[in-house]
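Numbering (my numbering), first residue to last: 4 to 322.
Note that the Cβ used here is the ideal one computed from N, Cα and C, for glycine as well.
Worksheet for the structure shown next.
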């Protein structure tokens, strides 16, 4: 089978992100998965066991200061050279800020079609994508070149399929234009014990109905009981209830967890665009006419300050 290239996304301390495991799972349905690792020296070796656990049959390693010391341009150039050399069946990238930028540059370099925010991709290259703020689901296919697709996190469940990948070092030939932007400093964001918002399998979000920043403790408590992440609507963020980096919606982050709980969120189109592909949606709102109930699998019409503590108590009893 032809290779399917998967761009690996990992943390600075060499932990593979969940979206990469999803990409490898998808790649196995399209061909022979090959992981592409860009980063500091030793990255490929540190990630090899985990990538092999999820089916990577080969690992291409682009390591060193010329890659790690610059922004995305060197990665796009190196990936384009690799595509020309191995002629893969497809290229899969995470639908993240960096993944999308690399994908766009790659498509231009190869004069190739591009599919973004894909939630499903068939063996014959037909992609399923939400469009127009999620109001329409379309089927798309590139008309020129191979499928280059950015895949939305949490679009599928990653499943292991053990392999023993061979690591091949990439010879990287960069142009002066590739190194115009240089990384001069990196600051590690302090994170708590909760999972990252876009990768969490459970997300509990609060909206304007939560009432205040102090009341978001109720949202956090339920999220922690369920082992989930905390999100917020744009209205809650604009009101100063919760930091902007936790905003879910068209102008925030897109999530697709197994369970999404919306507390005090009316369900404006801006918010729905960022969460409506969630597998199961539960909404709590005192307004029976709130648009969120049109989308919810389960809805509770009631005061969230009474409903949530009762739900939390039941969860504690079952632990």
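For the 9 Å CB-CB criterion, residue 170 and residue 22 do not form a contact.
Excluding its 5 nearest sequence neighbours in each direction, residue 306 has C-beta neighbours in its own chain below 6 Å: 289, listed in chain order.
Inter-residue distance for residue 221 and residue 291 is about 21 Å (C-alpha atoms, whole angstroms).
Where residue 77 is concerned, the enclosing alpha helix (DSSP H) starts and stops at 76 to 89. Taking 9 Å as the cut-off, the Cβ atoms of residue 281 and residue 260 count as close.
Of the residues assessed, residue 134 falls on the exposed side of the cut-off, its CB having fewer than 16 other CB atoms within 10 angstroms. Counting the other Cβ atoms within 10 Å of the Cβ of residue 183 gives fewer than 16, which makes it exposed. Rounded to whole angstroms, residue 223 and residue 248 show a C-alpha spacing of 15 Å.
Here the C-alpha atom of residue 43 lies approximately 43 Å from the C-alpha atom of residue 315. Here residue 165 is not near residue 302, since their CB atoms are 9 Å or more apart.
For the 9 Å CB-CB criterion, residue 200 and residue 206 form a contact. In the structure shown, the three-state DSSP call for residue 67 is coil.
Apart from the 5 residues on each side of it in sequence, residue 304 sits with its Cβ closer than 6 Å to the Cβ of 291 in its chain, given in chain order. In the three-state scheme derived from DSSP, where H, G and I count as helix and E and B as strand, residue 123 is classed as strand. Of 271, 311 and 188, the smallest CA-CA separation from residue 297 is found for 271. The three-state secondary structure of residue 302, taken from DSSP, is strand.
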